[in-house]
Amino acid sequence: MSDSSRKTRLDPFGTSSIEDYEYLYEEFGIQPLKPLLSEMPNATVAMRRGVIFGHRGFDRILKAIKVHEDFAVMSGIKPTGEFHLGTLMTAREVIYFQQQGATAFYCIADVEAYEDNNVPLEKSEKTAIGNIADLLALGFDLNRGYIYRQSKEERVKDLAIAFGRRVTLATMKAIYGERHLGLYLSSLIQAGDILLPQMKEFGGPKPTVVPVGVDQDPHLRLARDLALKFKRKFGFVSPSSIYHKLIKSLDGSPKMSKRAPMSYFTLEEKPEAIANKISNAFTGGQPTVKEQRKVGANPSICPIYDLYLFHFFDNDKDVVKLYDECRTGKMLCGECKSRLIEIVTRFVKDHQRKRLQYIDKAKEILGFS
Ligand code: SF4
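Heads up, the sequence shown is in the numbering used here, so the first residue is 36 and it goes up one at a time.
If you want it as C-alpha cells, here you go:
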C-alpha cells in the first residue's frame with residue numbers, strides 16, 4: 036500500500052484526509068478539471084486556481100451549456116450550524132451554474148443532520164432559516180430555483196424507498212464502511228436528492244451537476260450507480276459532479292471541525308470574534324521574524340493562505356504576489372493576517388446586513404409564515 040493510499044480517506048460521515056489530490060485521480064477515478072477549463076464559460080476564481088479541481092462526467096454539463104440544453108445544478112447543506120467557508124463555497128458554485136442557465140435545487144439535508152449529528156428536525160428547521168437567508172443573500176435566484184427540506188419532500192423519500200430494493204448491505208458497507216442503518220437510509224435519500232431534478236414534475240431526465248467538497252464523492256458514486264440501475268424506469272441521465280478541495284482548518288489540521296470552534300468561523304459570528312480567530316490561527320511562518328526574512332515561509336501548509344486563495348482575493352495576480360512574498364520572506368505573518376482581517380470583516384459585515392433582509396423570505400420557504 037502506497038503512502039498516499041494510507042493517508043487518503045473520503046468519508047462523508049466522518050473525517051476525510053487527503054494527502055495528495057493527484058492520488059484521487061489514480062485510485063478513485065475522479066477526473067482532473069483542468070483540461071476542461073478552457074471550455075468553461077466565465078470560469079470562477081476557484082476553478083481557475085485549482086480549488087475546484089476534479090469531476091465525474093462533467094463533459095455532459097459543458098455540452099449542455101454550449102448547446103443551451105436544459106440542465107440542473109443540485110447541492111445543499113446539512114443544517115447543523117451557520118454557514119461556514121465550506122458551505123459558502125458550495126453555495127457560490129450553485130449560484131454560478133444557475134447563472135450559466137441551470138435550474139437550481141438546494142436541499143436542506145435535515146434527515147442527514149439527524150442521522151449523522153443527532154440534531155432533531157425541530158432544531159434543524161430553525162438553523163435552516165439562517166442557511167436559506169445566507170443562500171439568498173449570496174444571489175440564489177428563486178425564480179429558477181427550488182429549496183426544500185429532505186424530511187418534507189415526498190418525492191425524494193419515494194425515490195429512496197424505490198432505490199432500497201436494488202442496494203445490498205454489502206454495497207453500502209463497501210461505499211460507506213460499517214455504519215448504523217440510519218446513515219445508510221440517509222444516503223439513499225441523498226441519492227433521491229441528486230436525482231430529484233430529473234423527475235417528470237421538474238421537466239424529466241436532464242444532465243445534473245452536483246458541486247460538493249470531495250469528501251462527498253461516495254454519495255455521487257452511489258447516485259451514479261442507482262441512476263444506471265433505474266435508467267429503464269425513470270430514464271435518468273447519469274449525474275455529474277465537480278469537487279472542491281477541503282479548506283484547511285485555522286488550527287492547521289486538514290479540515291475544519293465544528294467540534295473545535297477555533298478551527299473555523301461562520302458568516303454569522305461577530306467580526307471581532309472572527310478577527311480573534313484569524314489572529315490566533317496557525318501559519319506556515321517561521322518562529323522568528325529574522326528567520327522568516329532569511330528563509331521565507333511555507334504557504335502550502337498555511338490556512339491564512341488558503342483563505343485568500345479560496346475566497347478572499349478576487350484578483351489572481353494578488354494570489355501569485357502573496358505566494359512569492361511569503362516564500363521569499365518579504366511578507367510577514369502579522370501583516371498578512373491583518374490584511375486578511377480587514378477583507379474578511381468587510382465581507383462579513385456586508386453579508387450579515389444583506390442576510391437580514393432575507394430572513395422573512397427564508398421563513399416563508401420553510402412554511403413558517
Ligand atoms: S506570510 Fe501569510 S501566507 Fe505566508 S505563512 Fe505567513 S500567514 Fe501564511
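We treat Cβ as the ideally placed atom computed from N, Cα and C, and that holds for glycine.
- The shortest C-alpha to C-alpha distance from residue 240 to any of 177, 253, 263 and 79 is the one to 263.
- Between the stretch 346–360 and the stretch 383–390 there are fewer than three C-beta pairs closer than 8 Å, too few to call the two in contact.
- Shown here for residue 190: same chain residues with a beta carbon closer than 8 Å to its own, the five before and five after excluded, namely 227, 231, 234 and 236 in chain order.
- Residue 259 and residue 133 have their C-alpha atoms some 22 Å from each other.
- Contact check for residue 367 against residue 324 passes: the beta carbons are separated by less than 9 Å.
- Any heavy atom of the ligand SF4 counts here; residues with a Cβ closer than 7 Å to one of them, in chain order, are 318, 319, 320, 332, 333, 334, 337, 339, 340, 357, 361, 366, 367, 368, 371 and 372.
- For residue 300, the closest C-alpha among the options 289, 288 and 284 is that of 284.
- Taken in chain order, the unbroken stretches of beta strand (DSSP E) that lie wholly in the stretch 128–185 and span 3 residues or more are 138–143 and 180–184.
- Taking a 10 Å sphere around the C-beta of residue 297, we find fewer than 16 other C-beta atoms and assign the residue as exposed.
- Under the three-state reduction of DSSP output, residue 245 falls in the strand class.
- When only Cα atoms are considered, residue 338 and residue 309 end up about 14 Å apart.
- Look at residue 88 here: in three-state DSSP terms it is strand.
- One alpha carbon belongs to residue 181, the other to residue 362, and they sit about 45 Å apart.
- A Cβ-Cβ separation of about 10 Å leaves residue 376 out of contact with residue 347 under the 8 Å criterion.
- For residue 254, the three-state secondary structure derived from DSSP is helix.
- Annotated three-state conformation of residue 108 is strand, per DSSP.
- Between residue 125 and residue 274 the beta-carbon gap is near 15 Å, outside 8 Å, which marks them as no contact.
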